Structures are given as structure tokens and as C-alpha cells.
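Notes to accompany the following structure.
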Amino acid sequence: MKFTDHLQLMQSLPQSDLPTDEPLILASGSPRRAQLLKAAGYEFLVQPASDEAECGLCSRETAPELVARYAYRKAADVALKIQGKNKTGLVIGADTVASVYGQILGKPTDQQHAESMLRRLSGRRHDVYTGVCVWSVATNRCVVEVVRTELKMKPLTDSMLANYLESMMWEGKAGAFGFQDGNDWLEIVDSGSESNVVGLPMERLAEIFADFDTLAKAINPFGENPPLSK
Ligand SMILES: Cc1cn([C@H]2C[C@H](O)[C@@H](COP(=O)(O)OP(=O)(O)OP(=O)(O)O)O2)c(=O)[nH]c1=O
12 MKFTDHLQLM
22 QSLPQSDLPT
32 DEPLILASGS
42 PRRAQLLKAA
52 GYEFLVQPAS
62 DEAECGLCSR
72 ETAPELVARY
82 AYRKAADVAL
92 KIQGKNKTGL
102 VIGADTVASV
112 YGQILGKPTD
122 QQHAESMLRR
132 LSGRRHDVYT
142 GVCVWSVATN
152 RCVVEVVRTE
162 LKMKPLTDSM
172 LANYLESMMW
182 EGKAGAFGFQ
192 DGNDWLEIVD
202 SGSESNVVGL
212 PMERLAEIFA
222 DFDTLAKAIN
232 PFGENPPLSK
């Protein structure tokens, strides 16, 4: 089933009770993440992390390591601001990239960059990784996890590429392509998570909320690396 159908069948996205009574805060400016949370029935506030949360390159970092670190940094950025105002919040940070043959594809900077990403993905199997961090300001604990979805992209002809590039739908999307854009270019391998591809693994998020007490790790105020649960 396509993501667009999922939005119509809102009840098909899982929802769990929140593990604390803090307000849920989405630390992301991604319209897709907000749509997914809303479609699942969560009530939440949106407070995007500052751009600096998404920086600090480590050349040896793998795609899952990178998305875990960025998800953690985005959640931390917002959690610390909330804490500074003596407020509480259950903060969700997330980061999504595509990866093909070990090469990490983030958001394209311009049309040329988008074209080179799409040519790399054309006709190939690749992975989309989303890192997710759920951070409870009140209890000073968080869960950081990474979900992988394997995809197969059809070989793209020059005219398919040109039309898509012209549509500008690639803007702001990791790997320069939106699974939800209504094309049938992508097939999910082994029934992986569709919502994970679009920016938030809703199935795993519901499990994280349900098992938060078991999964959550204490937050180390001096730690740069995310405390991964597994
Ligand atoms: C692979 C893929 C990604 N995406 C989107 C999800 C994310 O919004 C974006 C990846 O960029 P991110 O840096 O993960 O998120 P963002 O910049 O949109 O928002 P923020 O940093 O504030 O959290 O790509 C799709 O919409 N469809 C897709 O098929």
C-alpha cells in the first residue's frame, strides 16, 4: 500500500499511549513527519531544531550512525531549550538518509545534485535509514533507535528524470525522491516500513512509547554520542 493510501486510511498507522504525561513535541520542520503523527492520532506541538543540530561531519560514520547522531542532536537542541524555560516535554527528533553502496544521500542542494542522486539510485536496491530519538525532559532519559527499509528503484529513463526534476518534488527529500509522490518507481523489499521511508518509523515509535521504561537510557550531559538502545 502506498503512503498516500495510508493517509486516507488513518487508522492503519499505529498509536500508543505516551509513556509520560508531558506534552508531545516534534523537534522537526518536516511536513511529512507532522502528517504521519497527525494521521496516527497523536496530539503534539511542533518546535523544529535549529540548523546547527544537523552538522558536525564524521568521515567514517555509516548511515545508521549518522541518523542516530542527528536524531539525538535535534531532540537535544529542543529538549535543552524547554528545560531552560523550566518546562517539560516528550521530544521526538528524527533524521532520514538514503544509502546506496555505502554512499550516504541526504537532501539535495540543487537540481544538479538531485539529478546525480537519482542517477545513482536508478535501477538499484538501496536503503533508507531513519534515526529516531524520544527524549523525556521530566525524567532525563531517552531512547535512540535506527530503522532501515530496503527499496528497489526502477531504471529511470531520461524523460522520467527530466519530468521529476522539473516538478521540484525532490526538494527537501533525502535521496532526492519522495516515496509518497505518487510514482511507482519504488518497491519496498521484505515488507519494510513505509512511514520510515517518509521520515518517521510509526510502527517502531509506537513500540518505543509502549516500552519506554525498559528501553530508555539516562542522558549523559557530557556525551556527544547517542545512547543507542540496541
Ligand atoms: C526518502 C524520503 C525522504 N523524505 C523526507 C523526510 C525528511 O523530511 C527528509 C529528510 O531530511 P531530514 O534532515 O531528515 O529532515 P528535515 O530537514 O525535513 O526536517 P528536520 O531536520 O527539521 O527534522 O526527506 C520524504 O519525504 N520521502 C522519501 O521518500
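For the sequence shown, counting from 1, position 42 maps to 53 in the numbering used here; every step adds exactly one.
Idealized CB from N, CA, C, for every residue including glycine.
All values reported here derive from a predicted model rather than from experimental measurement.
Distance CB(residue i)-CB(residue j) smaller than 9 Å
i, j, result
"D138", "S110", "yes"
"E161", "D201", "yes"
"Y83", "C153", "yes"
"P212", "A79", "no"
"R130", "N207", "no"
"S39", "G134", "no"
"W258", "I230", "Nothing in the structure corresponds to residue 258, since the chain is present only between 12 and 241."
Reduced DSSP category for residue i - H, G, I as helix; E, B as strand; rest coil
i, result
"S127", "helix"
"Q19", "Confidence is the limiting factor: at Q19 the pLDDT is only 48, short of 50, which leaves the residue's position unreliable, though a coordinate-based value still follows. In the structure shown, Q19 sits in a helix (DSSP, three-state: H, G or I)."
"L172", "helix"
"A229", "strand"
"L91", "helix"
"K165", "coil"
"L47", "helix"
"E77", "A small fix is needed here, since residue 77 is Leu in this sequence, not Glu. Helix at L77."
"L29", "coil"
"L24", "coil"
"L216", "helix"
Assigned exposure category for residue i - 16 Cβ within 10 Å defines buried
i, result
"P166", "exposed"
"E168", "Note that residue 168 corresponds to Thr in the displayed sequence, not to Glu. T168 should be labelled exposed."
"S127", "exposed"
"Q123", "exposed"
"G210", "buried"
At what residue ranges does the segment 175 to 204 contain a whole run of the beta strand (DSSP E), taking only runs of 3 or more?
-> As far as the segment 175 to 204 is concerned, its whole beta strand (DSSP E) runs of at least 3 residues are 197 to 199.
Spell out a yes or no on whether the segment 56 to 69 and the segment 82 to 89 are touching, meaning 3 or more CB-CB pairs, one atom from each, closer than 8 Å.
-> yes
Segments assigned beta strand (DSSP E), at least 3 residues, entirely inside the segment 93 to 161 = 101 to 111, 114 to 116 and 136 to 147
Touching by the beta-carbon criterion (3+ pairs, under 8 Å), the segment 26 to 45 and the segment 91 to 102 = yes
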